[in-house]
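Taking it in order: structure first as structure tokens, then the write-up.
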Amino acid sequence: YKSPLKKLAVFFEKARDNWKAKYMVKRDQAILLANQVRAVEKSRDHWKSVALEAKRELQQVKQSQKKI
42 YKSPLKKLAV FFEKARDNWK AKYMVKRDQA ILLANQVRAV EKSRDHWKSV ALEAKRELQQ
102 VKQSQKKI
């Protein structure tokens, strides 16, 4: 490098700080998205079980009506 070492040090420090800041934002976004995925999966599993239970009840009602 041809620039004075002090200028290079300041430049590299700024570059490092910018990289770290960008990384922290991306990390926080990844954590939020992972939490959202978990919440969506939990909700989907819940509603799937509700729908299956309703389907079972409907089949039982239809079977009981056939017997009558």
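In this note's numbering, the protein residues as written are 42 to 109.
All residues carry an ideal CB built from backbone N, CA and C; glycine is no exception.
Keep in mind the model is a prediction, meaning the values are calculated, not measured.
Residue i at chain B interface by Cβ criterion, 8 Å
{"i": "glutamine 101", "result": "The displayed structure is made up of one protein chain only, and chain B is not part of it."}
Local conformation of residue i per DSSP, three classes
{"i": "tyrosine 64", "result": "helix"}
{"i": "serine 105", "result": "helix"}
{"i": "lysine 96", "result": "helix"}
{"i": "serine 90", "result": "helix"}
Residues near residue i in its chain [Cβ-Cβ closer than 7 Å; skip 5 each side]
{"i": "leucine 74", "result": "none"}
{"i": "leucine 49", "result": "Tyr42"}
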